[in-house]
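Undergrad: Numbering (full-length UniProt numbering), first residue to last: 1 to 822. Beta carbons: idealized from backbone N, C-alpha and C, even for Gly.
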């Protein structure tokens, strides 16, 4: 948006783990479902940029994404998406092709939409035939023409199954027949045909292909050659660990291979079982066709999630398969024997599979995609992150490239390093991630640079302690403190130019996680030539061989790839802080880094206490602070650490003042049991000389509380203003410095709305800046955090991090002119 007061600096989100969740357009955009959003990414951009836009429109997880294939000279672009909310949305590209807006929504399905297949109808005016399969055990056939989606036919599957994959193609030398392959939660593939020239397209089941022994996850059609009378090949990928290739041939005679009965996959491959080679006869548009079994592809050791054809520019046909065994394979037919062989294997070799699922080493790849030119592949792993390889012709090899990563569940907590160098995020997906700018060739772009914590519990809150330490709280009764390892510190210094003043020598080398543990242990990095011993699962302290950190892993000149992030960028855990009786609900660290305040889930006064820990010896300061009777939802230290503010589900706020006679203890200064009429969800201190804070409530109000001194010199807080917000307010944060004599308060609501409020220094006058609709979230804003002012970058615009319930982490930039011109 040119001249916009707000711009997007960084978008990070993980993909939904579904086979049909992504598609790569001829224009170079890869679109994928990310929670309820559709994310757009241009993998070939240099320098790599990550997600460029998040499209909101669905109400539940997006499962199926497909571009409508363009034809030369046709500049309009369309995207169609299906979701658990039972709706299909057709999106139309903007003029520059970089963004999409919803064009039409359809709710004809009565169950979640699992898969979409599209085919361009070759006539002058652009028209497409679209097939969608849903959890209502039906297949719907649509036409899309003149920006209108129209339902042509609805088929119930018989025998009943839920379609998980569909593929559409033309059949016959004149392209006068549509053929649709459908498969899903049975071990059969159904072949349906319809005449192209019929006034209303009606598909009918013509053949049922048997042979697989598990659910079928993926189907893909391709013409074998570019000749008009070419046979059609169908690849089907199944949970039985095999890919089958089927041949559809025109004419009454069977193709030579099937007629002679020779079988490229003789029964020697599969003990006690000969692959079915029955010929199925079809008739459509007055022509005869046969479907025969062509080949059985052996090589994967686990469920196969996807199989996709690609015809290279030189006519060579290749098939990309991705599997739960953590590998992807590229298959080609041997020119002399016709036997299909795996030419390339990418991903991880089984020997390296970790024993721990936390590192993302089991679960494999959910889908694989070819780039439009066939020289690059991208695949989606179980951690929701993408991995990409580029073919280097001069070396005849596939080289890994920087791809994108992100949280796959709600982002529950964010915290900037105290000096603003990097941003930490925690999530219900049980990971903590570190994000910062990569000073790459030509431009600075944001990336995930480290994954300090991979946990067995959902993470709820985080705060940084200094520049190389943080503390996090999860659905467990203790907090954990982590310190940056040497390998990560030197990588961040090299790639992002941060942490120059840190004493690297005092740091541990690296960290990894015992097979059955929750704690990251400090370890020494090893030289590359060291032999790794196999692991014994019965040993609680045994190290997963895949997580041994070799020194070369982080000596890189680019942001780390997913396999490095999930294995080699952990931070060692240096302390555990005990004392709470239930799951940690919130925590805060003092600005001088000497104290950690925390609270846990509570339904009684005994558990609703706030505990303080000092960070020199990591001991609890007693007695704990009491004020609340239910869970405390947020704790905030004032900028000078003189006050500690707490808010809770019991609708009250409390301010504690540092007690001068004791070293670091606080005592209750004031509590307001009726701060809001509903629970208070967040609070923030303004950067003011006389203390002032804001509270955010489920009563759809933000209240501003200003202080004044009373008789004995003590401060008393009273309400100075109330801001109605139209929805429950879930997050607030003040910019760390005033702008033109006003405090800037960012406000986020349960509906995802993001607004800025300009507040006079005495809290009396509030001016609300209009929300930028395109920057609001589709679900609740769970936390907001303005970036601390960095001394050397006083000219930088104002940056704010936004944690979303929609699994997105966003960094927005507000222009100085917009805020200072207020």
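Okay, do the segment 454-471 and the segment 385-393 touch, 3+ Cβ pairs below 8 Å being the bar?
TA: Contact between the segment 454-471 and the segment 385-393 is absent, because fewer than three Cβ pairs lie under 8 Å.
Undergrad: Relative to the C-alpha of residue 626, which candidate in 642, 308, 737 and 652 has its C-alpha closest?
TA: Comparing Cα positions, the closest option is 652.
Undergrad: Mind pulling the beta strand (DSSP E) runs of 3 or more residues that sit fully within the segment 80-140?
TA: For the segment 80-140, whole beta strand (DSSP E) runs of length 3 or above, ordered along the chain, are 88-93, 100-106, 113-120 and 127-134.
Undergrad: Sorted by chain position, which residues of the same chain lie with C-beta nearer than 6 Å to residue 58's C-beta, five sequence neighbours on each side aside?
TA: So the qualifying residues of the chain are 36, 83 and 85.
Undergrad: What do you reckon, are the CB atoms on residue 216 and residue 165 nearer than 8 Å?
TA: A contact, by the Cβ cut-off of 8 Å.
Undergrad: If you run the structure through DSSP and keep just helix, strand and coil, what is residue 449?
TA: Of the three classes helix, strand and coil, the one that applies to residue 449 here is strand, per DSSP.
Undergrad: In the structure shown, what three-state DSSP assignment does residue 383 receive?
TA: Looking at residue 383 - three-state DSSP - the assignment turns out to be coil, as it is neither helix nor strand.
Undergrad: Need the endpoints of the alpha helix (DSSP H) that residue 856 sits in, please.
TA: Any question about residue 856 goes unanswered here, given that the chain covers just 1 to 822.
Undergrad: Helix, strand or coil, according to DSSP, for residue 689 in the structure here?
TA: In this structure, residue 689 counts as coil in the three-state DSSP scheme.
Undergrad: Should the segment 246-257 be regarded as contacting the segment 282-298, the criterion being three or more beta carbon pairs within less than 8 Å?
TA: With a cut-off of 8 Å, the segment 282-298 and the segment 246-257 count as touching, because enough Cβ pairs lie within range.
Undergrad: From the DSSP secondary-structure annotation, give me the bridge partner or partners of residue 170.
TA: Paired residues: 178.
Undergrad: Relative to the C-alpha of residue 583, which candidate in 629, 678 and 607 has its C-alpha closest?
TA: When only C-alpha atoms are compared, the closest one is 607.
Undergrad: According to DSSP, is residue 162 part of a helix, a strand, or is it coil?
TA: It is coil, neither helix nor strand.
Undergrad: Looking at the secondary structure, which residues open and close the beta strand (DSSP E) in which residue 6 lies?
TA: Start and end: 6-12.
Undergrad: Is the beta carbon of residue 139 sitting closer than 8 Å to the one on residue 133?
TA: Yes, the pair counts as a contact, with Cβ atoms nearer than the cut-off.
Undergrad: With H, G and I counted as helix, E and B as strand and the rest as coil, what does DSSP make of residue 657?
TA: Strand.
Undergrad: Just to confirm the assignment: which complete beta strand (DSSP E) runs, minimum length 3, are found wholly within the segment 199-225?
TA: You should have 204-209 and 216-223.
Undergrad: When you compare the CB of residue 611 with every CB in chain D, is at least one pair closer than 8 Å?
TA: Going by chain labels, chain D is absent from the structure shown, which holds only one protein chain.
Undergrad: For residue 755, count neighbouring C-beta atoms within 10 Å of its own C-beta (all shown protein chains included) and say buried if the count is 16 or more, exposed if not.
TA: That one is buried.
Undergrad: For the segment 317-329 against the segment 296-303, are there 3 or more C-beta pairs whose distance is under 8 Å?
TA: At 8 Å Cβ cutoff, the stretches touch.
Undergrad: Would DSSP call residue 679 helix, strand or coil?
TA: Coil at residue 679, not helix or strand.
Undergrad: Check the C-beta distance from residue 553 over to residue 14 and give it rounded, since I have them as a contact under 8 Å.
TA: With 8 Å as the limit, residue 553 and residue 14 do not qualify as a contact, their Cβ atoms being about 22 Å apart.
Undergrad: Determine the contact status of residue 187 and residue 213, defining contact as a CB-CB distance below 8 Å.
TA: Yes.
Undergrad: Take the Cβ of residue 278 as the centre, count every other Cβ of all protein chains shown within 10 Å, and call the residue buried at 16 or more, exposed below.
TA: Classification of residue 278: exposed, given that the 10 Å Cβ count is below 16.
Undergrad: Determine which residues share a DSSP beta bridge with residue 645 and list them.
TA: Beta-bridge pairing links residue 645 to 636 and 655.
Undergrad: DSSP three-state label for residue 774, please.
TA: It is helical.
Undergrad: Residue 1 to residue 771, Cα distance in whole Å?
TA: Confidence at residue 1 is low in this model, with a pLDDT of 40, below 50, so its placement is unreliable and no value can be given for it.
Undergrad: Any contact between the segment 110-117 and the segment 149-166? By contact I mean 3 or more CB pairs, one from each, below 8 Å.
TA: Touching, yes.
Undergrad: What does DSSP give as the partner residue(s) for residue 377 in the beta ladder?
TA: 370 and 389.
Undergrad: Can you give me the start and stop residues for the beta strand (DSSP E) that residue 666 sits inside?
TA: First-last of the beta strand (DSSP E) with residue 666: 666-672.
Undergrad: Using a Cβ-Cβ cut-off of 6 Å (strictly less than) and excluding sequence neighbours within five positions of residue 692, which residues of its own chain qualify?
TA: Same-chain partners within the cutoff: 686, 706 and 763.
Undergrad: Cα-Cα, which of 633, 682, 801 and 709 is closest to residue 670?
TA: Minimum Cα distance to residue 670 is reached at 709.
Undergrad: If you draw a straight line from the C-alpha of residue 269 to the C-alpha of residue 321, how long is it?
TA: Interpretation of residue 269 is limited by its pLDDT of 41, a score under 50 that renders its predicted location unreliable; the figure taken from the coordinates is listed afterwards. Roughly 19 Å separates the two Cα atoms.
Undergrad: Can you check DSSP and say which residues form a bridge with residue 41?
TA: Residue 41 pairs with 30 and 51.
Undergrad: Give me the DSSP bridge partner(s) of residue 489.
TA: According to DSSP, which records beta bridges pairwise, residue 489 is partnered with nothing at all.
Undergrad: With the cut-off set at 8 Å, would you say residue 739 and residue 820 are in Cβ contact?
TA: Taking 8 Å as the Cβ cut-off, residue 739 and residue 820 qualify as a contacting pair.
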